[in-house]
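Visitor: Residue numbers (our numbering), protein chains in the order written: chain A, 23 to 332; chain B, 23 to 332. Glycine included, each C-beta is placed from N, C-alpha and C at the ideal position.
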Ligand SMILES: Nc1nc2c(ncn2[C@@H]2O[C@H](COP(=O)(O)OP(=O)(O)O)[C@@H](O)[C@H]2O)c(=O)[nH]1
Ligand SMILES: Nc1nc2c(ncn2[C@@H]2O[C@H](COP(=O)(O)OP(=O)(O)O)[C@@H](O)[C@H]2O)c(=O)[nH]1
Ligand SMILES: [Mn+2]
Ligand SMILES: [Mn+2]
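Okay, here's the thing in C-alpha cells:
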C-alpha cells in the first residue's frame with residue numbers, strides 16, 4: 023500500500039470521555055445515539071417507525087446483526103433495500119449518521135424462529151445464550167468513544183412514540199425500559215385492543231430468589247412460564263390507564279425489546295451474559311450486572327411500545 | 023450542518039464477521055490488531071518497544087486510556103509528543119493505522135500510584151475495580167467490527183520480543199498470556215538478573231477454591247499476598263531455563279500486563295468484571311468469564327516480557 027510518496031499522517035483521535043455528555047436533554051447537547059437491533063426478520067413497520075423518530079437522524083448511528091441463516095439472508099436483502107432508499111434517495115434530514123451491518127459468525131442454535139417454538143422453556147437457555155452473544159458482538163463492535171446513549175430496539179418492535187429517545191433520556195437513568203405491548207383484534211369486543219407482550223421487565227420476588235437459590239449456579243430462571251411460577255412483579259401488568267406516562271419503577275430484570283442505556287453503563291462493563299449470571303441470562307442478566315456496577319435499572323409501566331403480532 | 027445542497031450519502035459499512043479472520047498466521051491474512059494500554063505513567067521504553075514491533079504497523083490500532091489526574095496529564099503530554107513524532111515525522115512504515123486516546127471520566131480512587139501503596143491488599147479491591155472499569159471503557163470504545171486480535175499491554179511493560187504478535191497468535195488460543203518478568207541488578211552476583219513479576223497468571227488450587235467458598239460472594243481473592251496464601255500454581259514460577267519457548271499451560275487467572283485475546287472472545291461478552299465474579303476481579307475475573315464462554319485461557323511460562331523496575 024505504500025506509494026513511496028508522502029502519505030497523510032494516519033488519524034489520531036482524542037476523546038475526553040468527559041466531553042461526551044449524557045444528559046436529560048440530549049437534543050440540546052447534540053448527543054450521539056447508537057440504535058442497536060438484532061434482526062432475524064425484517065419488518066417494514068420497524069423501518070417506518072425508526073424513520074419517524076424525530077431525534078435528529080444525523081446524530082443516530084444504526085447497528086444491526088443478522089444471523090447467517092436463509093431467513094437472515096432474506097432480512098439482509100430487505101434491510102439493504104430500505105437503507106439504500108433512505109440514505110441515497112431520501113431527503114437529507116431522513117438520513118442516519120452511519121449504518122453498520124454485521125452478520126453472525128456462528129451457526130444459530132437449531133431452534134425455529136416460530137414464536138411457539140422459540141418460546142418453549144426447554145429451548146430458552148440455548149436460544150437466549152445465542153441472543154446474548156449476538157447482542158454483545160453488536161455492542162462491542164459498534165460502541166464508539168463519542169456514543170452517549172444506546173437504544174436497544176428489537177426488529178419486531180413496530181411502534182414507538184417518535185420522541186422515544188428524548189422521552190426516555192429525560193429520566194436520566196442508566197438503564198430504562200418502556201413497557202412492551204402488542205396490538206390485537208379482540209374477537210369479543212370486535213375492536214382493536216392491546217395486551218402485555220414482554221415479560222422480561224420485572225421486580226424480584228422472595229419466591230424467585232428462593233427458587234434460584236435451590237438451582238445449580240448454571241441453571242437459569244426464565245420468566246413467563248407457568249411450569250416455573252416466580253411470582254415476580256411483572257411490569258407488563260403494571261400499566262394503569264389513568265397512570266402518569268412518566269411513572270418510574272425500579273426493575274431487577276429487563277427485556278431488550280426496547281431499552282435505553284447510557285453508554286457509560288456498557289463502558290463500565292455491563293454486557294449480556296451468555297451464561298447463567300445469578301441464574302439469569304441475556305437481558306435479564308444484563309439488568310443484574312448493571313445493578314452490580316451501581317446502575318439501578320428502571321421501567322416505565324405506562325410508556326408503551328408495540329411488538330409485531332405474528 | 024445542512025448546506026441546502028446535495029450531500030454525499032452517509033457511510034454504510036457492511037461487515038461480515040465471517041470475513042474477519044483470526045488465524046495462527048495473522049500476517050499472511052493481514053489481520054487487524056488493536057493494542058490497548060491503560061496508562062497512568064508514560065515510559066519512553068514502552069514506546070520504544072512498541073515501535074520495534076515487527077508486525078506491520080499499518081495493521082495496528084493503538085488505544086490508550088489515561089486517568090484524569092495530574093500524573094495522567096503528564097503522561098498525556100509525553101505520549102502525545104511521541105505520537106506526533108512517529109505519526110507525522112517518522113518514516114511511513116513506523117506509523118500506526120490509527121490512535122485513539124481516552125481520558126477517564128471518573129475520579130480515580132484515592133490510592134497512590136507508588137508500587138508499595140498500590141500493592142497493599144486492602145487497597146486491591148477498590149484499585150482493581152477502577153482498573154477494570156478503565157479497561158472496559160477502553161475496550162468497548164475501541165473494538166471495531168474488523169478487529170481480529172486485541173493485545174493488552176501495560177504501559178510499564180518495557181520489553182517484549184518484536185515478534186510477540188505473531189508468536190502468540192500462532193498458538194491459536196482465545197486468551198494467551200506470556201510470562202511477565204522484571205530485570206534487576208543482583209547485588210550478590212553483581213550482574214543483571216531477572217525475577218518473576220506478575221503473579222496474576224495462575225492455575226487454581228483446592229485451597230484457593232475452598233477459601234473462596236467461605237468468602238462472601240462480594241469478597242475477592244487476590245494473588246500474591248502472604249496474608250492469604252492460596253497455594254495456586256503461579257506461572258511466574260514455572261519458567262524453565264531449558265524449557266521450550268512455546269510450552270503452553272492452561273490458566274484459571276490471567277494478568278493484564280501482556281495478553282493476546284481473540285476479538286471474538288471479547289465480542290462474546292468477555293470483559294473485566296469490576297465486581298466480584300466467582301470471588302475474582304478484573305483480569306482474573308476476565309479469565310473466569312472467558313472460560314465460562316468456552317474459551318480456556320492459556321499461558322506461556324517460558325515466553326517472557328519485562329516489566330519496568332521502579
Ligand atoms: N442476530 C440475531 N437476531 C435474532 C436471532 N433470533 C432472533 N433475533 C432478533 O432478536 C430480537 C428478539 O428476538 P425475538 O425472537 O423477537 O424474541 P421474543 O420476541 O422475545 O420472542 C428480534 O429483533 C429478532 O429479530 C438470531 O439468531 N440472531
Ligand atoms: N487509565 C488508568 N490506567 C491506570 C491506572 N492505574 C494504573 N494504570 C495503568 O494500568 C496498568 C497496570 O497498573 P499497574 O499499577 O502497573 O499495576 P501492577 O504493575 O500490577 O502494580 C499500567 O499500564 C498502569 O499505567 C488508572 O487509574 N487509570
Ligand atoms: Mn420479539
Ligand atoms: Mn505494572
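1) Write down every uninterrupted run of the alpha helix (DSSP H) in the region 202-272 of chain A whose length is 4 residues or greater and which is fully enclosed by it, in chain order.
2) In chain B, what lies closer than 7 Å to residue 166 (chain A) by C-beta?
3) What is the residue span of the beta strand (DSSP E) that residue 108 (chain B) lies within?
4) Confirm, please, whether the CB-CB distance from residue 243 (chain B) to residue 258 (chain B) is below 8 Å.
5) At least one CB of chain B closer than 8 Å to the CB of residue 15 (chain A): is that the case?
6) So with Cβ pairs under 8 Å, would you call residue 293 (chain A) a contact of chain B?
7) Suppose contacts are defined by Cβ-Cβ distances below 8 Å. Is residue 124 (chain A) in contact with residue 167 (chain B) by that definition?
8) Using 8 Å as the limit for Cβ to Cβ distance, is residue 331 (chain B) near chain A?
9) For residue 285 (chain B), does the count of other Cβ atoms within 10 angstroms reach 16, so buried, or fall short, so exposed?
10) State yes or no: is the C-beta of residue 58 (chain A) within less than 8 Å of the C-beta of residue 161 (chain A)?
11) CB-CB under 7 Å to residue 215 (chain B), same chain, minus the five flanking residues each way: which ones, in chain order?
12) May I ask you to verify whether the region 177-193 of chain A touches the region 63-70 of chain A, counting CB pairs closer than 8 Å and requiring at least 3?
13) Anything with a beta carbon under 6 Å from a heavy atom of ligand 4 counts; list them all in chain order.
14) In the DSSP assignment, find the beta strand (DSSP E) that holds residue 38 (chain A) and state where it starts and stops.
15) From residue 170 (chain A) to residue 269 (chain B), what does the alpha carbon distance come to, in whole angstroms?
16) Quick one: grab the DSSP three-state call for residue 305 (chain A).
17) On the DSSP bridge assignment, give the partners of residue 155 (chain A) in chain order.
18) Along the chain, where does the alpha helix (DSSP H) that runs through residue 69 (chain A) open and close?
19) State yes or no: is the beta carbon of residue 290 (chain B) nearer than 8 Å to at least one beta carbon in chain A?
20) From residue 52 (chain B) to residue 115 (chain B), what distance separates their C-alpha atoms?
21) Return helix, strand or coil for residue 351 (chain A), following the three-state DSSP convention.
22) Taking DSSP as the reference, what is the three-state secondary structure of residue 95 (chain A)?
23) Does the CB of residue 33 (chain A) have a neighbour CB from chain B at under 8 Å?
24) Could you tell me the distance, in whole angstroms, from the CA atom of residue 35 (chain A) to the CA atom of residue 331 (chain A)?
25) Is it the case that the region 223-241 of chain B contacts the region 249-256 of chain B, given that we only count it when at least three CB pairs across the two stretches are under 8 Å?
26) If you run the structure through DSSP and keep just helix, strand and coil, what is residue 181 (chain A)?
27) Quick check: is any heavy atom of ligand 3 less than 7 Å from the C-beta of residue 279 (chain A)?
28) Is the region 188-203 of chain A touching the region 78-98 of chain A, taking contact as three or more C-beta pairs under 8 Å?
29) With distance defined between alpha-carbon atoms, name the residue in A:143, A:248, A:323, A:301 nearest to residue 263 (chain A).
30) Count the other C-beta atoms from every protein chain shown that fall within 10 angstroms of the C-beta of residue 176 (chain A), then say buried if there are 16 or more, exposed otherwise.
31) Taking 8 Å as the CB-CB limit, is residue 124 (chain B) close to chain A?
32) To the nearest angstrom, report how far apart residue 326 (chain B) and residue 280 (chain B) are at their CA atoms.
33) Excluding the five sequence neighbours on either side, which residues of its own chain have a C-beta within less than 6 Å of the C-beta of residue 64 (chain B), listed in chain order?
34) Confirm, please, whether the CB-CB distance from residue 87 (chain B) to residue 156 (chain B) is below 8 Å.
35) What are the residues that DSSP puts in a beta bridge with residue 120 (chain A)?
36) Please report the distance separating the alpha-carbon of residue 39 (chain A) from that of residue 126 (chain B).
Guide: Inspection of the coordinates gives the following:
1) If we require 4 residues or more, the alpha helix (DSSP H) runs fully inside the region 202-272 of chain A come out as 228-236.
2) 163
3) Taken as a continuous stretch (DSSP letters only), residue 108 (chain B) belongs to no beta strand (DSSP E), as it is neither H nor E.
4) no
5) The requested residue 15 (chain A) is not part of the displayed model; chain A covers only 23 to 332.
6) yes
7) For residue 124 (chain A) and residue 167 (chain B), yes; Cβs fall inside 8 Å.
8) Chain A contact via Cβ: absent.
9) Around the beta carbon of residue 285 (chain B), a 10 Å sphere encloses 16 or more other beta carbons of the protein chains shown; the residue is thus reported as buried.
10) yes
11) The residues are 206, 208.
12) yes
13) B:176, B:178, B:329
14) That run of the beta strand (DSSP E) goes 34-38.
15) 44 Å
16) helix
17) Beta-bridge pairing links residue 155 (chain A) to no other residue.
18) 66-73
19) yes
20) 15 Å
21) Summary: the structure shown does not reach residue 351 (chain A), with chain A confined to residues 23 through 332, and so no result is reported for it.
22) helix
23) yes
24) 45 Å
25) yes
26) In this structure, residue 181 (chain A) counts as strand in the three-state DSSP scheme.
27) yes
28) By the C-beta criterion, the region 188-203 of chain A is judged not to be in contact with the region 78-98 of chain A, since fewer than 3 inter-stretch pairs fall below 8 Å.
29) A:323
30) buried
31) Cβ-Cβ to chain A under 8 Å: yes for residue 124 (chain B).
32) 10 Å
33) 97, 100, 101
34) yes
35) Residue 120 (chain A) is bridged to A:83.
36) 6 Å
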